[in-house]
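Comments concern the structure below.
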Amino acid sequence: MKNTFHSIICHAPVEAVYQIISDTSQWPDLFETCVRTEVLEKGNDYQLVRITAQENGREMIWDTHRTFLPQINGVDFYLPVPMPLLTDMQGRWRVVPLDSGGSLLFVERSFVVKEDVTGLVAGVTTPEAAVDFMINFIERNGGSEMIAIKSIVEGKDQQEDELSLSFESSRVLPFPGADIYTLLADAANWSLLLPHCQAVDMLYDDGSNQEFIMEVKTAYGSERIRSIRRCRRDLLTIEYFQPEPPPVMSRHTGCWKLNSIPGGTAVFARHEFQIEPNACRNLFGEGDIAFYKQRLHHALEKNSLTTIEACERRLAGKK
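Counting in the numbering used here, the sequence shown runs from 56 upward without gaps.
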């Protein structure tokens, strides 16, 4: 069974977030890939819902049985009629209140692919290819779902949306996810691993929660960036936000996620940021919002891929 995990912090009450995850009738308007939903059956604490979605031009249909747990702001689900490539899929949505008044939203999904996937999805001919297809499908949609929910419950206006961008980069490495995770979690020694990291001042690290200040080298000089991270070895995920991001950004959050696949590990790096136009103008010169977002997208993606490549070199050297 393969497992995935997505989460995001929403600066909104728990009730507002729970209302969205529990009401699938809103999903076609919220989620880009969701075409329609239809309630086939319902009771006091459950619904059976048929969902139609698009994936790279392909229409995918599945039924999901959803049990509502309002006392813990949760929804448990399983697929009695799974997606075409699967024999089983189940998971849970949870909304956890934060002391700040906001909410932590997360969703866990587990699935099993069929032994024979011939003719079910174009281009997918083996169980290994089916696992890759499903992980990519879930990763793309899971991240965009989280961002869409956050945007709605926080009531972002059009200007904020114009200044914001989210994206995900990925590479496959021929090494166990646990080994890659160890390198990514060991931020205290990043100056020995990453070419763009000059020093790390570790302020707190209990093995799960970290706070540190990293000095990084850029094309425009050195920057000191404060980062707070939540590390989950059991899920092979590291989520972070920067309370003091570089001046060209007013907000920057992200996540490292490692998924085991045949022959290695798929490494995903997700970023969500909002630009600071005046600081961008001072650093990059005159340009429009799209130009500044493109420059930051390129810089963040380059750092992510450089980090992945550094992990690959280190692990290759241990062979």
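By construction, the Cβ of each residue, glycine as well, lies at the ideal position given by its N, Cα and C atoms.
Terminal residues of the continuous beta strand (DSSP E) containing residue i?
i	result
Asp-131	129 to 136
Phe-161	158 to 168
Val-150	141 to 152
Ser-155	No beta strand (DSSP E) holds Ser-155; DSSP gives it neither H nor E.
Express the C-alpha separation of residue j and residue i in angstroms, rounding to a whole number.
i	j	result
Gln-145	Val-186	15 Å
Leu-290	Gly-157	23 Å
Asn-333	Ser-219	15 Å
Val-382	Asp-78	Past the edges of the chain, shown from 56 to 374, lies residue 382, and the structure says nothing about it.
Leu-258	His-307	19 Å
Arg-350	Glu-364	21 Å
Asp-154	Arg-285	16 Å
His-120	Glu-70	22 Å
Glu-327	Ile-235	22 Å
Ile-207	Ala-184	35 Å
So who's on the other strand from residue i, going by DSSP bridges?
i	result
Asn-314	Ala-321
Phe-222	His-326
Gly-276	Thr-273
Using the rule of at least 16 other Cβ atoms within 10 Å of the residue's Cβ for burial, across every protein chain shown, is residue i buried or exposed?
i	result
Gln-126	exposed
Lys-357	exposed
Gly-232	buried
Pro-229	exposed
Tyr-275	exposed
Thr-142	exposed
Tell me which residue opens and which closes the alpha helix (DSSP H) that residue i is part of.
i	result
Arg-288	That residue, Arg-288, is in no alpha helix (DSSP H); it is neither H nor E in DSSP.
Ser-206	182 to 208
Asn-244	Element bounds for Asn-244: n/a, residue is neither H nor E.
Pro-300	That residue, Pro-300, is in no alpha helix (DSSP H); it is neither H nor E in DSSP.
Thr-92	From DSSP, Thr-92 is part of no alpha helix (DSSP H) but of the beta strand (DSSP E) over 89 to 97.
Asp-260	Per DSSP, Asp-260 belongs to no alpha helix (DSSP H); it is in the beta strand (DSSP E), 252 to 260.
Flag residue i as yes when its Cβ comes closer than 7 Å to any non-hydrogen atom of the ligand MN, and as no otherwise.
i	result
Arg-113	Absence of the ligand MN from the depicted structure is noted, as is the absence of any ligand whatsoever, leaving it without description.
With a cut-off of 8 Å on the beta carbons, I'd call residue i and residue j a contact; round off their distance for me.
i	j	result
Thr-181	Val-172	7 Å
Ile-202	Cys-65	Not confirmed; about 10 Å, so no contact.
Val-150	Tyr-73	5 Å
Leu-88	Ser-80	It should be pointed out that residue 88 corresponds to Thr in this sequence rather than to Leu. Not quite, the Cβ-Cβ distance comes to about 16 Å (not below 8 Å), so this is no contact.
Glu-266	Arg-279	Not confirmed; about 14 Å, so no contact.
So with Cβ pairs under 8 Å, would you call residue i a contact of chain B?
i	result
Asn-58	As a matter of chain content, chain B is missing from the structure shown, which is built from one protein chain.
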